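Visitor: Quick one: the structure is below, and I'll ask about it shortly.
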Amino acid sequence: MVPISGPNVDSWIDEMSRLASRFVAGFETMYGYPPGEHYVTRVADSGGRDALAAALRDAGARDLIEFYSHVAQISLPDVGPGFFVDEAEYVVEGCAALSQHR
Numbered sequence: 374m375v376p377i378s379g380p381n382v383d384s385w386i387d388e389m390s391r392l393a394s395r396f397v398a399g400f401e402t403m404y405g406y407p408p409g410e411h412y413v414t415r416v417a418d419s420g421g422r423d424a425l426a427a428a429l430r431d432a433g434a435r436d437l438i439e440f441y442s443h444v445a446q447i448s449l450p451d452v453g454p455g456f457f458v459d460e461a462e463y464v465v466e467g468c469a470a471l472s473q474h475r
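FYI, in our numbering the residues of the sequence shown are 374 to 475.
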């Protein structure tokens, strides 16, 4: 497995943004209806990542926290059945909800 690190994630963001633009450009011609909104956004501040790091304190979460150090959100609704990554704050809310049910 390729380690996830800042430069790798940043390169991935650039590539996914480029591919999403290409995908959307020919979508309506090919499928007959307009595509949904496709994007990969970068993190603007570290607040979500810091909250996630506080919520997930085990070592197994390092890669996820590193990912959220760079990626804010992903929306690719027309790729397969759709591919979405919510903002870190929503992951923290989900973790809190899970811990309340245990």
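Each residue gets a CB set at the ideal place from its N, CA and C atoms; glycine is no exception. Quick caveat: nothing in here was measured; it's all calculated off a predicted structure.
Span of the alpha helix (DSSP H) holding ALA461?
Guide: Along the sequence shown, read from residue 1 onward, the residue named residue 461 stands at position 88. Per DSSP, ALA461 belongs to the alpha helix (DSSP H) from 461-473.
Visitor: Using three-state DSSP, classify TYR441 as helix, strand or coil.
Guide: Against the sequence shown, residue 441 aligns to sequence position 68. DSSP places TYR441 in helix when its eight states are reduced to three.
Visitor: If you check the beta carbons only, do ALA461 and GLY421 fall under 8 Å apart?
Guide: Within the sequence shown, numbered from 1, the residue matching residue 461 stands at position 88. Within the sequence shown, numbered from 1, the residue matching residue 421 stands at position 48. In contact: ALA461 and GLY421 (Cβ atoms closer than 8 Å).
Visitor: For LEU471, count neighbouring Cβ atoms within 10 angstroms of its own Cβ and tell me buried if that reaches 16, exposed if not.
Guide: As a working note, residue 471 is residue 98 in the sequence shown. Per the 10 Å Cβ criterion, exposed.
Visitor: With a Cβ-Cβ cutoff of 8 Å, do SER442 and VAL416 count as a contact?
Guide: Counting from one through the sequence shown, the residue named residue 442 turns up at place 69. Counting from one through the sequence shown, the residue named residue 416 turns up at place 43. Cβ atoms of SER442 and VAL416: closer than 8 Å.
Visitor: Pop quiz: ASP459 and GLN446 are said to be a contact at Cβ under 8 Å. What is the actual Cβ separation, rounded to whole angstroms?
Guide: For the purposes of this step, residue 459 is identified with residue 86 of the sequence shown, where counting begins at 1. For the purposes of this step, residue 446 is identified with residue 73 of the sequence shown, where counting begins at 1. Between GLN446 and ASP459 the Cβ distance is about 7 Å, and since that is below 8 Å, they are a contact.
Visitor: With H, G and I counted as helix, E and B as strand and the rest as coil, what does DSSP make of VAL382?
Guide: Here residue 382 refers to the residue found at position 9 of the sequence shown. Note: VAL382 maps to helix in three-state DSSP.
Visitor: If I measure Cβ to Cβ from VAL465 and keep anything under 7 Å in the same chain, skipping five residues before and after, which residues do I get?
Guide: On the sequence shown, position 92 is the one that residue 465 refers to. For VAL465, where only same-chain residues beyond five positions count, the Cβ hits under 7 Å are ALA424, LEU425, ALA428.
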